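Protein chains in written order, with my numbering: chain A, 1 to 193; chain B, 1 to 149; chain C, 1 to 299; chain D, 1 to 679.
Have a look at the structure below, then the notes.
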Amino acid sequence: MVTKNYPDPKLNEKLRDRYYRRDQSNPDFTKETEKLAGSMAHMCYQCGTCTGGCPSAPRSTYRIREFMRRGVLGLEEEALTDPDLWLCTTCYSCTDRCPRDLAPTDVIMAMRNLAFRRDIVPVNFLKTVQAIYASGHGVPNNDTNRAAREKLGLTRDPPTTHMYPEYIKGIQKILDHYKLKENADRIVKEREG
Amino acid sequence: MAENPEGWQPRILAIICNWCSYAGADLAGGARIQYPPDVRAIRVMCTGRVDALFIMKAFTDGADSVLVSGCHFGDCHYLEGNYKAAKRMFLVKSLLKNIGLDDRRLRMTFVSASEGAKWAKVIEDVVNVTHELGPSPFNREYGELKNLV
Amino acid sequence: MNADRKYAFYLGCIAPNRYPGSEAASIRTSKKLGIDLVPLEGASCCPAPGAFGSIDLNVWYAMAARNIVLAEQKGLDIALVCNGCYKSIYEVNHKLKHDKALREGVNEVLKEIDMEFKGTIDVWHLGELLYDPEIVGVEKIRESVKVPLKGVKIAVHYGCHLLKPKKERHLGSTENPMWVEELVEALGAETVQYRNKMQCCGAGGGVRGYDLAHALDITNEKLTNMVEAGAEAVVDLCPFCQLQFDRGQIEIEEKFGIKYDMPVFHYAELLGLAQGMNPSELALDLHAINTEPFLKKVL
Amino acid sequence: MAEAVSPTTSEKPKAPRIGVYVCHCGTNIAGSIDINAVKEYAKTLPNVAVVDDYQYMCSTPGQGKIETAIKEQGLTGIVVAACSPRLHEPTFRTATKEGGLNPFRFEMANIREQNSWVHMHDQAGATEKAKDAVRIAVAKATLLEDLYPKTVPVEHAAMVVGAGVAGMQAALDLANSGIKTYLIEKAPTIGGRMSQLDKTFPTLDCSQCILTPKMVDVGRSENIVLMVNAEVEEVQGYIGNFDVTIRRKATGVLSPKEAEARGIVGGGCTGCGDCAPVCPVTKPNIFEMGMAPRKAIYIYHPQVVPLLYTIDWDACVKCGLCVEACGTKQAIDLEMKDELVQVKVGTVILATGYEVFPIENKEEWGYKRYENVISSLEFERLICASGPTGGHLVRPSDGATPKRIAFVLCAGSRDSTGVGKAYCSRFCCMYSLKHAHQIMEKIPGAVPYIFYMDIRSFGKAYEEFYYRIQDEGAKFIRGRVSNIQEDPDTKNLRVYAEDTLLGRPMEIEVDMVVLAAAVQPTELTNKTRKLFGVSCSQDGWLLEAHPKLNPCGTTTAGVFVAGACQSPKDIPDSVASAEGAASAASIPIHRGEVELEPYYAMCVEDKCAGCGMCVNLCPYSALALVEKDGRTVMQVTEAKCKGCGTCGGFCPGGAIWMNHFATPQIVAQIDAFLLGGEQ
């Protein structure tokens, strides 16, 4: 990276070098993204069909095409630290219409996986992990719902891990196999102290 | 997959038709599509020319696999040669079984003049299958029946 | 009528824990149509594809596989009622059946809880089963209707994961499908076409949790289009979309100051009403948007 | 096994002396094969008298080595290890002939296309394979014999299938060079796609104006036998002697000549059109893309050639009103039947053209779902003065004049999803620019929005035309259209795309959308090409013999391709390729004879048991059983035999000798490869 280190930090930031240089590109990022996504993202010819039909694009700075471009150029930093990465609703319209038969949605999911490996993840995802670790459900039952279920002649708790808590052990084993709970707790603690 | 004997290189004969598969192979060359060098090709005008005895001679000479490749049905330069060849291959496959050879050693494929990539894939498949099957029993150096032939 | 077709009923989270009416309705209405939904003991979160797919795909595969193995052990195909669960359960089932390396990786993890994915069952969305003439079909649904839902215009929200991506699904058009309209019209109701019908509800991919306003803005655009087309209710095939449309209208009023009062129903709930189930048997009172005005029109 | 000698050879063959020549081909071969190792190895092979190598064997000095070696060393066979025989076999056969040796005593070892180029990173494997290839070639060369090409007379007539601009141009060129040409067209008139266009880029000539003179020339040329409403039914024979059966579909209308032949004096259709008004049945006119009506008895448009009405039998109710209206001309015969015509021609040109891809398959643009989304060809008819609306562009939904129009480029082209076509359809960018100009010219205040990925203005004066249209005010948005939504009330269309240069999603409301749809071969092309043994490339277009060296020829000798049927072409390229095909097709005809490779079969009569199994194997019925001094034996009609070898590969008694691919020669190759050459 070319740094100008002028005495005035404001100028340093304002006149920051904006050339794209090869050292900003990490080819492993491109390869890893394609492997996880299972799609030949390097075949993208930047036609914009994906952004054109994206529900999030018209109401944010999120541009799926630009993420594809960053993937091709290996711009890991730019891609993974961009908060817009988390605005994709995974509606797959782009994957349905891509003329090159690629899966931009899966590329975004792959980039999110890579971001999580660097502790970059919105906190709500971690809360879901914690909820599932505790009860097996991302949206667990509550008393109003239990009362309503009883009125309908259903069991107060659904025949899931709620009624058969012994299955929760299995779920915890799976999550622990990938240290998901451990990482989730660590990041939440770092964030919320 | 049984371990193949040290030093054994598969020897595969391909008899291919001039108008389609030979042209397809040339196209793979033009496109520089790389594939294993274990196959030796003989050019005939049409797969219809391939006599069942050519294949039997090849196997008794110790070929590990034989590939016959011609035009897709309906594309034959001589209208029906590939149909006749396909019928003969079933006959030869049953013959191979009778003399104790795995009939996967004989393969017929249809590759057109514009399918360079497919030709390379076919060669890779044939070479892989041959590695899987190991040397032919009649193989002069490694086959169990080498002294019989 | 052939013997009842038995399926393991995979519940997910939001149907049983927020809209139990859709669970009860699914069981009761399917029974009348020759489908027997039996409980799938010990099932868990599917896990939510948006949340888990974004964090660690390996966990997503393993957790979904666990649910599938529960049904494999019962020897029953799975029927489910949520698009989100459909992506996790159907897609993982499909991928594990066709990808040896992936299957071996997942089985490696499942071994720790002495489970093994064998790939012996199929996964269906209840809507798919109801539409398939060999299983139920629009005619049989029409015959099972006791209380035709006359005099209401209903907008259909298809959602995304049931139909998309087209390459990995088998339910036909993703630009202009009409089969759910047929299912709704079989109940006697009138459906309306509205602009950008196939757009997402906005909640998926964890966006509801990450940036609620952003998600609600998408929902708001759809609601505006539906109102413009004269819709008086929304029908969906996914409790998560239902949550976004139902609770979403309250949040839209708080954040954007727009009031809709557009009741939202899972198709199973509408089917229950049409088959004569009493609203109290559908826990419609749990809905954030009051369903009374709608019920007055149809019952 | 049959003796190693053909039945007709009289004198005892001389001791074999083979010359082996290994080519470097610059680095193409030498780059991944050890030339010297192959040379040294060749010296160890039996019957090899001379081994040499050269940078470029196909060059004059390279060929010179062969000629001198034959003369000085008395060689009986030549082997060149170089590129593919499909490329330079003719070159080295000539060199062999110059040396005084029969050109068929030559065999090539393909150590480039099927060796060095495909095993670039495995020199050992490639060199080993090259040695084997040389050994196999030498084994065959040792047994090769003198052969003399058959010369066959060439019929002084040609056929052109398809009468679009390419077919017409080819037929005119052939006719003007004095060759009788049968021009076959499946539609009731010639003119093809071009007659449906309004203007043409980049000169903005009116399409019909520049086409009609050619159509009239075709109609008038005595050397052109024009058959419309006609399709190729069956094809027999080979270059110089194609026997083609044409099905002339019954049109129910007699031309003046046909009427005269039936003794109706001064009768036959004059195109007066009295019949149409009385006809009670109306159907959509497909020439106008179904946007205008025509009667059951109809002509496509006023300038049709030949000027003859046609009856659509599916529509006609045979009420006979037209017959009365026709009156004394008696041109209409409601009981007319299809007619099969036998024709003999020397060469054939396929010019079957293209049709528009069914763009409704790309659901996201709503073609056939939204009324105001039309295809480019429909736009051509709407904007055309002789079109259904007299040149007034109108919105199909309400007939209003559209002001804002979106042009969707790459609609179905450059699409590798399996739904569309993977290739670029080549001329949609240019006609979209033309369309933009036309609406700005005809409709004051009209604004064209062109959604593009790349504007491919590659031809002469094309880029300048692009410059002009941009200057006239067309709006260019660099983004492929994602989808289109219709406003149910106004039937206006919202086009969604991303302006990728701006980096923003766009929603543009327009009155009408024109899809620059992909093109594909016409529906009938697949059947026709198979009749002539022409194969198609992976994208479905007809396969040329060689994209650069022989773009108008096909692998079937005597059959050529012209125009868009070989791949999408605009009018200039179509006409140029038609002229190329016509000249190529006229060569054999003007020479009057053509040499066929002498690979025909021969019967070894003393081995033939007369079982006749081979007779019905032959697709050309070139074999027959005959009585010869008390025995039934098979006999080959050499002229009919094309040398495929299907009979040779089957004969249980080994009684069929296939010239140049004889059983001993092939077995020698197999043994050479597997047993290192000893028999």
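Beta carbons: idealized from backbone N, C-alpha and C, even for Gly.
Remember, predicted model here, so these are calculated numbers, not experimental data.
Determine which residues share a DSSP beta bridge with residue i and list them.
i	result
D/Phe476	D/Ile450
C/Phe9	C/Pro39, C/Ala79
C/Thr191	C/Ile154
D/Thr340	Position check: residue 340 of chain D holds Leu in this sequence, whereas Thr was assumed. For D/Leu340, which the question treats as bridged, DSSP gives the partners D/Arg247.
C/Asp236	C/His157, C/His266
D/Gly612	DSSP lists no partner for D/Gly612.
D/Arg494	D/Gln485, D/Glu509
D/Leu623	D/Val636
D/Glu335	In the DSSP output, where bridge partners are listed per residue, D/Glu335 has none listed.
D/Trp657	D/Met602
B/Ile15	B/Ile42, B/Val68
D/His121	D/His121 is not bridged to any residue.
B/Met108	B/Val68
List the residues of chain A whose Cβ lies closer than 7 angstroms to the Cβ of residue i, in chain order.
i	result
D/Ser482	Thr49, Gly52, Gly53, Arg97
D/Thr733	One cannot answer for residue 733 of chain D here, as it falls past the ends of chain D, which runs 1 to 679.
C/Gly205	Cys88, Thr89, Thr90
C/Tyr267	In chain order: nothing, as chain A lies at least about 18 angstroms away.
Look at the alpha carbon of residue i and the alpha carbon of residue j, and state the distance between them as a whole number of angstroms.
i	j	result
C/Glu281	C/Asn67	28 angstroms
C/Gly84	A/Val123	20 angstroms
A/Val129	A/Lys181	7 angstroms
C/Arg28	C/Gly188	19 angstroms
D/Arg631	D/Ala624	13 angstroms
A/Glu34	A/Ala41	6 angstroms
D/Glu678	D/Leu75	Here D/Glu678 scores only 46 on pLDDT, less than 50, and its place in the model should not be relied on; the value that follows carries that caveat. Cα-Cα distance, rounded: 22 angstroms.
A/Tyr92	B/His131	42 angstroms
B/Asp103	B/Ser94	7 angstroms
Mind pulling the chain C residues with CB within less than 8 angstroms of residue i?
i	result
D/Glu360	The contacting residues do not exist; D/Glu360 stays about 11 angstroms from chain C at best.
In this structure, does DSSP put residue i in helix, strand or coil?
i	result
B/Ser69	strand
D/Pro293	strand
D/Gly418	coil
D/Pro61	helix
A/Ile174	helix
B/Glu3	coil
D/Thr328	helix
D/Glu678	Note on D/Glu678: pLDDT 46, under 50, position unreliable in the model; the coordinate value appears next. In this structure, D/Glu678 counts as coil in the three-state DSSP scheme.
D/Asn110	strand
B/Gly29	helix
D/Ile469	helix
For residue i, go through chain D and note every residue whose CB falls closer than 9 angstroms to its CB, in chain order.
i	result
B/Phe54	Gly649, Thr663, Ile666, Val667, Ile670
A/Arg21	Correct list: empty, because the minimum Cβ distance to chain D is about 22 angstroms.
C/Ser30	Within 9 angstroms Cβ-Cβ: nothing; C/Ser30 doesn't reach chain D, min ~31 angstroms.
If you compare alpha carbons, which of the options is closest to residue i?
i	options	result
D/Ser195	D/Ala163, D/Leu75, D/Ile179, D/Gly62	D/Ala163
D/Glu605	D/Lys628, D/Lys97, D/Ala622, D/Asn616	D/Lys628
D/Thr646	B/Glu115, B/Glu132, B/Leu79	B/Leu79
D/Asn483	D/Asp274, D/Ala411, D/Asp454, D/Ile455	D/Ala411
D/Lys257	D/Gly31, D/Tyr300, D/Asp471, D/Leu308	D/Leu308
B/Leu67	B/Ala113, B/Met45, B/Ala41, B/Pro137	B/Ala41
Starting from residue i, find everything on chain D with Cβ-Cβ shorter than 7 angstroms and list it in chain order.
i	result
A/Pro58	Pro505
C/Asn196	Gln485
A/Arg65	Glu498, Thr500
Which chain D residues sit within Cβ distance under 8 angstroms of residue i?
i	result
B/Met45	Tyr599, Gly643, Cys644, Gly645, Phe661
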